[in-house]
Structures are given as C-alpha cells and as structure tokens.
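Visitor:
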Amino acid sequence: ALLNGLCKVGKINEAEVLFHEIMYRDLPADLVTFNTIIDGYCRIGNIDKAFTVKEEMIKKDVSPDTITYNILIRGLCKLGRAQNSMHLLDELIEKKLKPDIFTYNTLLDGLCKLDDRRGAEQLFKYMFENDVLPNVLTYNILIDRYCKDGYLEEAFKLMEDMKNNGISPTTVTYTTLVCGLCKTGQLEEANALFKDMLDKGLPQNVVSYSALIHGFCLHSRMQEAVALLKEMEGKCLVPN
RNA sequence: GUUCCAACG
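For the record, in the first sequence the residue sitting at position 213 is 1559 according to the working numbering, with numbers rising by one throughout.
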C-alpha cells in the first residue's frame, strides 16, 4: 500500500529505494507488492526494469498472476508495442492463467492506438469465444477507434450494440462520439449529442466540454466556444 | 491493498 502511494504520485524513485531495501534485507514481499512496483516502472516507461522485477519475483517463489501480466501488457502497449504484448498474452495462457476483461481491454486499446482495427476486431471475437464478455470500457475503446477512423456510423452502431447488451453508455462514450463528430465537422450533431448527455443524466465534465470547445475552435466558431467555456465555469468546472 | 477507456497539450 505504501509502495502504491509512492508510485501514484510519481514518486517512483522513493518507492524504488523502499523496494530495494525490501529486496536487500530479504524482507517478505507479496504478490501485490511486486505488482505495484512493476506498475510503477511501467508508468514511467521503464519496461526493462518492470521485467527485471518480474524475474525477481519468480526467484522469490511468487508467481506472476493475471494482474502482473495485465500490468506488463499495458506497459508495452503504452510504448506502442502492442504486438510484443500479444506474446505476453500467449505466455499468460501457457501458464494456465486466465486472461480477464482487463487483459482484453488493455490489448484492444493497444491495438486500436496502433491503428490496428482489424487486429482489435479479431481479438474482440476471440474474447467472446473464450467466454469473456465485453464491458463498457471495451465498447468505449472500439468506439474511439471507429471515431478516429471517421467511421461514425459504425461507432454509433456499436453504441446501440452495447445498449442491446444491457450496457449503459457513460460520459466517456458520449465524449468520444462528440469528439468524433467534431473531427468530421458535424458540429450541430456534436452539440446535440452533448446536450443529450444531460437528458440521459450523464455528467458533462471538463473533458467533454473541451472536446466540443475544441471542435468549435477548429471551425472558427469562437463565439460558441467562448459561450461553452462560460457555461462550464458556471458549473464550477475548472478549465485546464 | 495492485491492472483497462475519452478532449487539448
């Protein structure tokens, strides 16, 4: 817990000192401790040290679990190495561990961010075949990819799919779509969808406002952008 | 107690 606290505030160096102390004195370290420090390294992009710690835990007879793999997979994905992380998925399965929804979402996001929509679609099918059902994040990730590719129709179709599967869209879902509509110049639609969030009882946060404001700015509609900024301040949302 | 998604930068 202490290590996690340090890692979260970007104090990986302090966490590192503490971790070395634990290793040096041969103090007991459990699975969560190892996972936490591995995640700390991944978050600063030091994937090599993350893997080194994975080796260390094995030496201490602590077996990596699905969360360990999820953390490493995410670390690789954030470095744009989603392909490498697919090998980790294979390793995870070889070790008789079960990939969970976090594993799939992380991989899907990594593939999507590499513009590999095909790969993502394949993995999406694969997860169904392995009895892992998509959650709201899974849909959000895919919707984002379709939006960025300009396939707004497909994106909206996915939102319908998620509803049909009993999953409610969130602020992130709407913001993603608002952003997609802005990028394709469909500002009126974006504005309408943004308003829709309120009717659906979803909070409009700083990110949703920013997406729409940015859309208006890109299309030189400054007066509307400023109006939104004021509206946002009126809601005590702090512009960043 | 540890892991997954959206704007701008």
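Even for Gly, the Cβ is constructed at its ideal location relative to N, Cα and C. Predicted model only: the values in this text are computed from it and were never measured.
DSSP three-state call for D1545: helix, strand or coil?
Guide: Helix, per DSSP.
Visitor: Judging by CA-CA distance, which residue of V1482, I1439 and A1571 is the nearest neighbour of G1512?
Guide: Of the listed residues, the one whose Cα sits closest to G1512 is V1482.
Visitor: Comparing C-alpha positions only, which one of R1371, T1398 and D1372 sits nearest to N1381?
Guide: Looking at the Cα atoms, T1398 is the closest of the given residues.
Visitor: Pairing CB atoms from the region 1543-1554 with CB atoms from the region 1569-1576, are three or more of them under 8 Å?
Guide: With the cut-off at 8 Å, the region 1543-1554 and the region 1569-1576 do not touch.
Visitor: Verify whether the separation of the beta carbon atoms of C1528 and A1557 is less than 9 Å.
Guide: Going by C-beta atoms, C1528 is nearer than 9 Å to A1557.
Visitor: What first and last residue would you give for the alpha helix (DSSP H) that runs through S1514?
Guide: Here S1514 belongs to no alpha helix (DSSP H), and DSSP marks it neither H nor E.
Visitor: Starting from the C-beta of D1411, find all residues in its chain whose C-beta is less than 8 Å away, skip the five residues before and the five after it, and write them out in chain order.
Guide: L1377, N1381 and L1443.
Visitor: Within a Cβ cutoff of 7 Å, which residues of the same chain sit near D1495, ignoring the five residues on either side of it in sequence?
Guide: So the list reads R1463, once near-sequence residues are dropped.
Visitor: Does DSSP classify L1574 as helix, strand or coil?
Guide: L1574 falls in the helix class under three-state DSSP.
Visitor: What three-state label does DSSP hand D1394 in the structure shown?
Guide: DSSP places D1394 in helix when its eight states are reduced to three.
Visitor: Give me the Cα-Cα distance between Y1555 and P1480, rounded to the nearest whole angstrom.
Guide: Rounded to whole angstroms, Y1555 to P1480 spans 27 Å at the Cα level.
Visitor: Measuring alpha carbon to alpha carbon, tell me which of I1413, L1454, E1437 and P1445 ends up nearest K1424.
Guide: Here the closest residue by C-alpha is L1454.
Visitor: With T1530 as the anchor, note down where its alpha helix (DSSP H) starts and where it stops.
Guide: T1530 -> no alpha helix (DSSP H), and no H or E assigned at all.
Visitor: Taking T1449 as the reference, which of G1426, N1359, N1430 and Y1415 has the closest Cα?
Guide: Cα-wise, what sits closest to T1449 is Y1415.
Visitor: What three-state label does DSSP hand L1438 in the structure shown?
Guide: Helix.
Visitor: Suppose the cutoff is 6 Å on Cβ atoms and the five residues either side in sequence are ignored; what does the same chain contact list for K1395 look like?
Guide: Same-chain partners within the cutoff: Y1387.
Visitor: When you compare only the Cα positions, how much space is there between T1484 and R1389?
Guide: Cα to Cα, T1484 sits roughly 21 Å from R1389.
Visitor: Check whether the Cβ atoms of G1526 and L1498 sit closer than 9 Å, and answer yes or no.
Guide: Their beta carbons are under 9 Å apart, which means G1526 touches L1498 by this criterion.
Visitor: When we look at the beta-carbon of R1371 and count the other beta-carbons within 10 Å, is it buried (16 or more) or exposed?
Guide: By the neighbour-count rule (16 or more Cβ atoms within 10 Å), R1371 is not buried but exposed.
Visitor: By Cβ distance, which residues of its chain are closer than 8 Å to T1535, with the 5 residues on each side in sequence left out?
Guide: The identity of residue 1535 in the sequence shown is Glu, whereas the question assumes Thr. Closer than 8 Å at Cβ, skipping near neighbours: L1527.
Visitor: Taking the alpha helix (DSSP H) that Y1497 falls in, what are its first and last residues?
Guide: That residue, Y1497, is in no alpha helix (DSSP H); it is neither H nor E in DSSP.
Visitor: Could you give the distance in angstroms between the alpha-carbon of V1408 and the alpha-carbon of C1493?
Guide: Going from the Cα of V1408 to the Cα of C1493 covers about 42 Å.
Visitor: Please state if the CB of K1400 and the CB of A1375 are separated by a distance shorter than 9 Å.
Guide: Cβ distance not < 9 Å, so A1375 and K1400 don't count as in contact.
Visitor: Can you tell me which of the three DSSP states S1556 falls into?
Guide: Residue state, collapsed to three classes: helix.
Visitor: Of all the options P1585, F1540 and L1533, which has the alpha carbon lying nearest to the alpha carbon of C1563?
Guide: C1563 has its Cα closest to that of L1533, out of P1585, F1540 and L1533.
Visitor: Label I1404 either buried or exposed according to how many other C-beta atoms from any shown protein chain fall within 10 Å of its C-beta, with 16 as the threshold for buried.
Guide: I1404 is exposed by the Cβ-count criterion.
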